[in-house]
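To start, the structure under review is shown below, and the notes come after it.
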Amino acid sequence: MHTPDIALESKGIILVVDPEAGSREHLCGMLRHHGYEVREAEDEATTLNALNDEPIDVVVLDLMTADGNGIEICERLRDNITFGRVPVVFVTANDEKSQRIRGKEAGADDFLTKPVDDLELAARIKNLVLVRRYYQHIENDRISLMRTVEEQTGLLSKAMIEIGRAKQTLRRFNEEIIVRLSKAVEFRDDETGNHVQRMSRYCGLIAAHMGMSPEMAEAVRIASALHDVGKISIPDEILRKPGRLTPEEMVVMRRHAEKGYRVLTGSESSLLELAATIARSHHERYDGTGYPQRLVGKDIPFEGRIASVADVFDALTSARVYKRAFSIPKAMEILEKERGSGFDPQIVDVFLNRTEEIKNIMIVYADR
Ligand SMILES: [Fe+2]
Ligand SMILES: [Fe+2]
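Its first residue numbered 7, the sequence shown is counted upward by one per residue in the numbering used here.
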């Protein structure tokens, strides 16, 4: 009797692998009778083809296939990533223990002995289809979980990229504000000069060679441009006085360090906080005779010690109404003399070793 396969009513698709058409048809008949769809194969090639063609639920595999090796087919099947989990029932000619052990090692899930009993076949196939469904369920859950994780990871990395971009934009704006503000200060103090340009580049140069990271050295370069921002509070007659200042005028002038600090401090921007530190400490001296806090040695912020060397060097090598510009060797000699008294000795050493870079900065940013 041949019952047609009806997919909608099928309890599952069973692949029967047997070299003998007669015993294959016998097994297929029983399976159809129990409501399964069946497919047939006789050797390794036809078995793998059938498994590739559609989702098989259980393989019923005769130990003696047409090519004589059911064990190898089972092993090959287990190694396959696509259908490696399909349950396999071995049909053996006898109940021999050694055959069962080999079958187990090859990855068989269950055994049937010929002649196959109809009820036993039905019970074992039913169990294995359930196992198959269970695995499919887990696999589907795993795939959907993986998709969700992938989606979320994608969203997260997109958000991280956006945040990174926003941070860069914010940093660029911060830097631009600092550069523009420093220009405003420079216009008032030193209309024709490029003191701020040179001094801040000397600072960046020293910072880069004092072991700071490139990002930090760049921050020091940008922030140091505001070292004299406090001068906006100094009256014109003192700020622009052609000639030396009186002691009283000097007192007023010296206030620019603390005033600059007050203009810049309290910001959430680390760059502005750095600028505030430099504004306050760029006139401190290593021996404690500087201003405004008379800090000594390493108590002076590192960036302030850097700025002080850069600032004095540029003042020495620039012409003023009341003095001519010193040559580079002369200015370096003065720094060297003040090594350890006016300035951090290590910073002086680093700076004096960068003559070529210093000359380049002086050429590119020469006074107009
Ligand atoms: Fe200053
Ligand atoms: Fe300065």
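In this text, a Cβ means the ideal position worked out from N, Cα and C, and glycines have one as well.
Item to complete: Give me whichever residues DSSP pairs with R345 in a beta bridge.
Response: F349
Item to complete: Report yes if the C-beta of A190 is less than 7 Å from at least one heavy atom of ligand 1; otherwise report no.
Response: A190: no, Cβ never under 7 Å from ligand 1.
Worksheet item: When the Cβ atoms of the segment 348-363 are set against those of the segment 306-326, are three or more pairs found closer than 8 Å?
Response: Judged by Cβ distances under 8 Å, the segment 348-363 makes contact with the segment 306-326, as three or more pairs qualify.
Worksheet item: Given 8 Å as the limit, is there contact between the segment 96-115 and the segment 76-88, that is, 3 or more CB pairs closer than that?
Response: yes
Worksheet item: What are the start and end residues of the alpha helix (DSSP H) that includes L3?
Response: Given a span of 7 to 374 for the chain in the structure shown, any question on residue 3 remains unanswerable.
Worksheet item: Per the contact definition of three or more C-beta pairs closer than 8 Å, is the segment 124-142 in contact with the segment 29-44?
Response: yes
Worksheet item: Can you give the Cα-Cα distance for G199 and S163, rounded to whole angstroms?
Response: 47 Å
Discussion item. If you measure between the beta carbons of L67 and F96, is that distance less than 8 Å?
Written reply: Their beta carbons are under 8 Å apart, which means L67 touches F96 by this criterion.
Worksheet entry | Residues near ligand 2, criterion Cβ-heavy atom distance below 5 Å | D234 and D317
Worksheet item: Which stretch, first to last residue, makes up the beta strand (DSSP E) that contains I19?
Response: Note, I19: beta strand (DSSP E), I19 to V23.
Worksheet item: Do you know offhand how far E26's Cα is from V137's?
Response: Between E26 and V137, the C-alpha separation is close to 28 Å.
Worksheet item: How many angstroms separate the CA atom of V257 from the CA atom of E274?
Response: 31 Å
Discussion item. Using only CA atoms, which one of A229, R194 and M216 lies nearest to M205?
Written reply: A229
Worksheet entry | Pairwise C-alpha distance: E339 and E182 | So the two alpha carbons sit approximately 36 Å from each other.
Fill in: Distance CB(L278)-CB(A225) smaller than 8 Å
no
Worksheet item: Fully enclosed by the segment 59-115, which alpha helix (DSSP H) runs are 4 residues long or longer?
Response: List check, alpha helix (DSSP H) in window: 76-85 and 103-112.
Worksheet item: Candidates R194, L232, A190 and I240: which alpha carbon is nearest R207's?
Response: L232
Item to complete: State the Cα-Cα distance for the pair K336 and L322, rounded to the nearest angstrom.
Response: 9 Å
Worksheet entry | Reduced DSSP category for K247 - H, G, I as helix; E, B as strand; rest coil | coil
Worksheet item: Is there at least one non-hydrogen atom of ligand 1 closer than 7 Å to the beta-carbon of A263?
Response: yes
Worksheet item: Near S255, which residues of its chain fall below 8 Å by C-beta distance, leaving aside the five closest residues on each side in sequence?
Response: In the sequence as displayed, the identity of residue 255 is Glu instead of Ser. Cβ within range, chain order: I244 and K247.
Discussion item. Do H262 and D234 count as a contact pair if the criterion is CB distance below 8 Å?
Written reply: yes
Discussion item. Per DSSP, what are the beta-bridge partners of A47 in this structure?
Written reply: V23
Worksheet item: By Cβ distance below 7 Å, which residues in the same chain neighbour G76 in space, the five residues on each side in sequence not counted?
Response: L67, D68, L69, M70 and F96
Discussion item. Suppose you measure from the CA of I62 to the CA of E157; what does that come to, to the nearest Å?
Written reply: 31 Å
Worksheet item: Does the beta-carbon of I149 have 16 or more other beta-carbons within 10 angstroms, so that it is buried, or is it exposed?
Response: exposed
Worksheet item: Apart from the five residues just before and just after K17, which ones in its own chain have a Cβ nearer than 6 Å to its Cβ?
Response: G41 and Y42
Worksheet entry | Within 8 Å, strictly: CB atoms of I238 and V191 | yes
Worksheet item: In angstroms, rounded to a whole number, what distance separates the CA positions of T119 and R91?
Response: Approximately 23 Å, taken between the alpha carbons.
Discussion item. Let me make sure I understand the geometry here. Which of V122, L134 and K304 has the alpha-carbon closest to that of I20?
Written reply: L134
Worksheet item: Counting along the chain, where does the alpha helix (DSSP H) carrying V327 start and finish?
Response: That residue, V327, is in no alpha helix (DSSP H); it is neither H nor E in DSSP.
Worksheet item: CB-CB under 7 Å to T9, same chain, minus the five flanking residues each way: which ones, in chain order?
Response: Here T9 scores only 41 on pLDDT, less than 50, and its place in the model should not be relied on; the value that follows carries that caveat. Its chain contains R38 and H39 as the residues whose beta carbon lies nearer than 7 Å to that of T9, once the 5 sequence neighbours on both sides are disregarded; these appear in chain order.
Practice prompt. Can you give me the start and stop residues for the alpha helix (DSSP H) that K164 sits inside?
Written response: D124 to D195
Worksheet item: Does DSSP put H262 in a helix, in a strand, or in coil?
Response: helix
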